[in-house]
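Chains as they are written, first to last, in the working numbering: chain A, 1 to 114; chain B, 1 to 112. For glycine and all other residues, C-beta sits at the position ideal for the given N, C-alpha and C. So the structure is just underneath, and the comments pick up after that.
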């Protein structure tokens with residue numbers, strides 16, 4: 001069975017600064033990896049996903065993530081954040097042992113201030 | 001397009017009461033799932049379904065029942081509500097597990 005660890009519960013950052021949200025996972029088999037974003041009082045929205053192929057994946061709103069198999073990590077990055085990026089970010093994995101249902105990390109709250 | 005629709009949006013129950021949270025999707029997705037979201041806990045999988053007539057337990061299934069009689073609907077039943085079930089519940093659906101999961105807007109449940 002897999003587990004997902006988001007290493008930072010809160011990340012404060014100034015507008016236009018770069019940001020990295022960290023995610024590590026543990027699994028003994030191949031996995032699919034996802035990042036979702038949740039704006040206040042809303043459901044979750046897919047930012048990006050890694051299934052196979054290139055380890056650098058690009059998503060919506062200028063976000064990207066890099067899959068590192070040796071370090072079992074899937075960190076999310078953005079070179080310059082906006083106030084509107086303030087939200088909760090969730091890393092998730094799925095694997096065949098759980099019927100491929102999503103297993104989420106506990107989330108990272110990104111707070112962008114002027 | 002409606003996407004994933006959850007009803008009700010808010011609900012207050014007394015301990016011991018039962019109720020059903022409704023989830024419907026109009027995208028003909030085979031895969032559907034229920035999560036609960038609690039502060040500092042992220043989203044935890046309650047039950048999931050890979051198609052009509054097929055369901056399985058997730059991480060936190062106790063106290064909840066599901067059935068999937070149609071592709072469109074995946075209701076979640078609380079048999080005897082407890083204060084520990086106070087949470088925000090999300091339903092999600094996807095065409096396949098490797099594709100984007102679409103989430104409903106959530107049901108905020110309080111058990112007193």
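Give me the chain B residues within the contact set of residue i, using Cβ-Cβ distance strictly less than 7 Å, ordered along the chain.
i: residue 94(A); result: 97
i: residue 51(A); result: 98
Considering only residues of the same chain and omitting the five flanking positions on each side of residue i, which have a CB-CB separation below 6 Å?
i: residue 101(B); result: 92, 94
i: residue 50(A); result: 33, 57, 67
i: residue 39(A); result: 87
i: residue 77(A); result: 20, 64
i: residue 29(A); result: 95
i: residue 77(B); result: 20, 65
i: residue 3(A); result: 26
i: residue 26(B); result: 2
i: residue 10(A); result: 109
Look up residue i in the DSSP assignment and say whether it is helix, strand or coil.
i: residue 70(A); result: coil
i: residue 61(A); result: helix
i: residue 38(B); result: strand
i: residue 42(A); result: coil
i: residue 25(B); result: strand
i: residue 85(A); result: helix
i: residue 12(A); result: strand
i: residue 6(B); result: strand
i: residue 17(B); result: coil
i: residue 67(B); result: coil
i: residue 80(B); result: coil
Please list, in chain order, the chain B residues whose beta carbon lies closer than 9 Å to that of residue i.
i: residue 68(A); result: The contacting residues do not exist; residue 68(A) stays about 20 Å from chain B at best.
i: residue 32(A); result: 97, 98
i: residue 90(A); result: 42, 43
According to DSSP, residue i sits in a beta bridge with which residue or residues?
i: residue 75(A); result: 66(A)
i: residue 92(B); result: 33(B), 103(B)
i: residue 51(B); result: 54(B)
i: residue 20(A); result: 77(A)
i: residue 6(A); result: 23(A)
i: residue 36(A); result: 46(A), 90(A)
i: residue 11(B); result: 109(B)
i: residue 104(A); result: 92(A)
i: residue 109(A); result: 10(A), 88(A)
i: residue 45(B); result: 35(B)
i: residue 56(A); result: 66(A)
Under 7 Å between beta-carbons, which chain A residues line up against residue i? List them in chain order, please.
i: residue 103(B); result: 43, 44
i: residue 106(B); result: 43
i: residue 58(B); result: 101
Closer than 7 Å: is that where the CB of residue i sits relative to any heavy atom of the ligand ADP?
i: residue 112(A); result: The model depicted lacks the ligand ADP and carries no ligand whatsoever.
Within the same chain, show all residues whose beta-carbon is closer than 8 Å to that of residue i, passing over the 5 residues directly before and after it, in chain order.
i: residue 83(B); result: 15, 111, 112
i: residue 18(A); result: 77, 78, 79, 80, 81
i: residue 71(A); result: 24
i: residue 31(A); result: 2, 25, 93, 94, 95
Can you name the residues of chain B whose CB is closer than 8 Å to the CB of residue i?
i: residue 105(A); result: 42
Along chain A, which residues have their Cβ under 8 Å away from the Cβ of residue i?
i: residue 89(B); result: Those do not exist, as residue 89(B) stays about 11 Å from chain A at its closest Cβ, beyond 8 Å.
i: residue 33(B); result: 101, 102
Going along the chain, which residues of its own chain have a beta-carbon closer than 7 Å to the beta-carbon of residue i, five neighbours each way excluded?
i: residue 80(B); result: 16, 18
i: residue 38(B); result: 87
i: residue 63(B); result: 78, 79, 82, 85
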